[in-house]
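Novice: Under full-length UniProt numbering, the residues of the sequence shown are numbered 1 to 611, in order.
I am attaching a structure below and will ask some questions about it afterwards.
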Amino acid sequence: MAGRIPEDFIAEVRSNVNIVDVISQYVSLEKKGKDYIGLCPFHQEKTPSFTVNEEKQFFKCFGCGKGGNVFKFLMYKDNLTFPESVQRVAEFAHIAMPAGYNTSGGTKLSPIMRINKDAEDFYHRVLLTTKAGERGMQYTKKRQLDSNTLEHFKIGYAPKEDNVLITYLRSKGYKDDDLAQSGLFVQSQDGRLFDRFRDRLIFPLEDENGHSIGFSGRRISNDKTEAKYMNSPETAVFTKSKVLFHFAEAKKAARSEGHLVLYEGYMDVIAAYKAGIKSGVASMGTSLTDDQVYMLRRVTPNIIVNYDGDDPGVHAEERAARMFSKDGDFNLGIVVLPEKLDPDEYVRKYGAEKYQGEVKGALTPTDFFLKRLAQKYNLDNDREKITYLDEAVKEISHVKNPVEQDMYLEKLSRSAGVSLNSLKANLARERRKNNRARSHTRTRNRDYYTDQSNSLNLGEPTSSVETMPVQQTEVQKHPSQSRLLYLFIHSANAQQYLQEGKFHFPDQDYETLSQLWLKFAATHDNPQIDSFLDFIPEQLQGIIVDAELAHMPKDFTIQEINEHVFALQKRSIYSQLNELQNQLQDAKRREDVKKTIEVTQKIIELKRILG
Ligand SMILES: [Zn+2]
């Protein structure tokens, strides 16, 4: 970076983007009145307290307290410096950085991130362009991975030898210490490093921004003594439980497809991609974690789960369905493929179009559970059929929406050939039981049905979500000073009035801000509050953001100002009185008559002001 980015360029960038568009890439925002709200990307929460104000171009989380303008958002979210953030927003707005101010793409990445990036490029190049890669290429043909797919997923090949990558990365100047931390190598007893991935097809694993942070390698040979799949170990940048394969790309696709599709493995994501479903993600060989559920929820409530059609797959799907339903208001769809096929096999057998139809026809969780239930019983046997109907009604009794409940009951009555009324009677009995159980135990373990009209959020928060005490805003902490500072900034009349009255903010931060505003206004043609934010020290920004987002009226009367000023004076007088009372006690104890009289006089004067 050469020096500071010119201020007018920063202003140009800012005025060419809408903060709502930028943040929407990370958080699914919903319009509520004047503001947009969503789930905070900086802390886990169940009810949205993350707020974006389009008019002011500020964001603020009322849960964890983070707030600021568009630059600040990316600084927090992606751990960027201010110039890096400006550049990122400029890219978003398709504005070229002024000459000499480009922070070159790679330099901001830490060594371990750069190593991962270089390894990704290396493996990819080996596959596509080298003789050593031909073996990998043959395998991709066998798996019907076309060049478009290889490109999109940046698939690569790790050759058989155990020193190819290490030699390459050393030649790029990386230190062994950093290489050892990357997870790409195994270390021998005497400390030497060898390539971890050998003779494997390489699938990069990326973070939310599309930076590769680890790899998964698929065995190519038939050597059963080697694991079929091998992942990078966890490193400083790679935590399995917080990674979803293909998440960065799927997020973009979710906007047009309207949902995310969750798969069991990355081969399924790739198969779905080939079949035209680009919003697929997969957890990395573990069952779904709370972190991953929250990642999905931040993008969209519409999740479709499509695990393998075999028994373990369907069991896992059941678990996932319960987890989603427990953890916030999802609109869940479940796909069960016939003939125990996994998505990859299904697409190969029946083609892309038919597969898209399966995804579109995803079942609701209740339909899914009912279908599973029906498979457990022999419905030609009357006794089993009765048990089945009891269980089914029990399942339906947990649906909160009465219309939906009716719908399932009707379906059940038709398919089982029993009267609707008898099922309804059973349902009423189940519901009474549920209500009793609910009032006895306060647990919500069976509340896995979601219902948009009757949110589960009324219950206690589940253990997976941190309960964070709501932070007080600056406006709540300092109402009068916030209001006066707001008027000081937005009204020349108020400013003049306060200055003529020699008013000073009692809190040093507020006083500093008023002085900074005067300086800013004197040096800028059209001083705007959002550019002011980039002009002031970081620790003071919260005061401005909170005041701007408090929906204060622009209008005021002199009387209102006087009241606030008097409230602050009063507060200051009370604290002075406190101090003087202490001094008085002290003087009396020392029998210092002169001091006693002096302090008493001061106290009388101050009390007179209070009236
Ligand atoms: Zn937050």
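Beta carbons are placed, not taken as given, at the ideal position from N, Cα and C, and that holds for glycine.
1. What does Glu206 pair with, by DSSP beta-bridge criteria?
2. Decide if Glu605 is buried, meaning its Cβ has at least 16 other Cβ atoms within 10 Å, or exposed.
3. Taking any heavy atom of ligand 1 as the mark, which residues have a C-beta closer than 5 angstroms to it, listed down the chain?
4. Looking at the secondary structure, which residues open and close the alpha helix (DSSP H) in which Thr51 lies?
5. In this structure, does DSSP put Lys154 in helix, strand or coil?
6. Our contact map puts Ser205 next to Val243 with C-beta atoms below 8 angstroms; I'd like the distance itself, whole angstroms only.
7. Tell whether a beta-carbon distance below 9 angstroms holds between Ser182 and Ala119.
8. I need the straight-line Cα distance from Ile536 to Leu179, nearest angstrom please.
9. With respect to the alpha helix (DSSP H) encompassing Lys77, which residues constitute its N-terminal and C-terminal limits?
10. Measure the alpha-carbon distance for Ile573 versus Val599 and round it to whole angstroms.
11. Considering Cα atoms alone, identify which of Arg4, Glu257, Ala428 is closest to Lys360.
12. Taking the alpha helix (DSSP H) that Gly501 falls in, what are its first and last residues?
13. Can you grab the Cα-Cα spacing for the pair Lys554 / Asn493, in whole Å?
14. Going by other Cβ atoms of all chains shown within 10 Å of its Cβ, with 16 needed for buried, is Lys32 buried or exposed?
15. Could you have a look at Asp8 and say whether DSSP puts it in helix, strand or coil?
16. Output yes or no for whether 9 angstroms exceeds the beta carbon distance between Asp530 and Gln57.
17. According to DSSP, is Glu339 part of a helix, a strand, or is it coil?
18. Please find out if some non-hydrogen atom of ligand 2 comes closer than 8 angstroms to the beta-carbon of Lys607.
19. Checking the sheet assignment: what are the DSSP bridge partners for Arg219?
20. Taking Gly357 as the reference, which of Gln539, Asn562, Ile277 has the closest Cα?
21. Would you decide whether Ala254 is buried or exposed? Buried here means 16 or more other CB atoms lie within 10 Å of its CB.
22. Going by DSSP, what residues sit across from Asn306 in a beta bridge?
23. If you draw a straight line from the alpha carbon of Glu318 to that of Glu161, how long is it in whole angstroms?
24. Distance check for Ala587 and Leu577, CA to CA, integer angstroms please.
25. CA-CA distance, Thr51 and Asp509?
26. Using alpha carbons as the reference points, say which of Ile10, His152, Ile112 lies closest to Arg88.
27. Terminal residues of the continuous beta strand (DSSP E) containing Gly333?
28. Considering just the uninterrupted stretch of the alpha helix (DSSP H) at Lys607, what are its terminal residues?
29. Classify Val422 as buried or exposed, calling it buried when 16 or more other Cβ atoms lie within 10 Å of its own Cβ.
30. Going by alpha carbons, who is nearest to Met284 out of Ile303, Ala547, Ser241, Leu540?
31. When DSSP builds the beta bridges, which residues end up paired with Glu30?
32. Which residues bound the beta strand (DSSP E) around Leu229?
33. Does the distance from the C-beta atom of Val545 to that of Gly68 stay below 9 angstroms?
Specialist: Straight from the coordinates:
1. Ser212
2. exposed
3. Cys40, Phe42, His43, Cys61, Gly63, Cys64
4. Per DSSP, Thr51 belongs to no alpha helix (DSSP H); it is in the beta strand (DSSP E), 50-53.
5. coil
6. With the sequence shown as reference, residue 205 is identified as Leu, and Ser is not the correct amino acid for it. The Cβ separation is near 6 angstroms, so the contact holds.
7. yes
8. 40 angstroms
9. 70-78
10. 14 angstroms
11. Glu257
12. That residue, Gly501, is in no alpha helix (DSSP H); it is neither H nor E in DSSP.
13. 12 angstroms
14. exposed
15. helix
16. yes
17. helix
18. Ligand 2 is absent from the structure shown, which contains only ligand 1.
19. Arg200
20. Ile277
21. buried
22. Tyr263
23. 43 angstroms
24. 15 angstroms
25. 24 angstroms
26. Ile10
27. 331-334
28. 593-610
29. The question names Val, but residue 422 is Ser in the sequence shown. So Ser422 counts as exposed.
30. Ser241
31. Ile37
32. The sequence shown places Tyr at residue 229, not Leu. Its beta strand (DSSP E) spans residues 229-231.
33. yes
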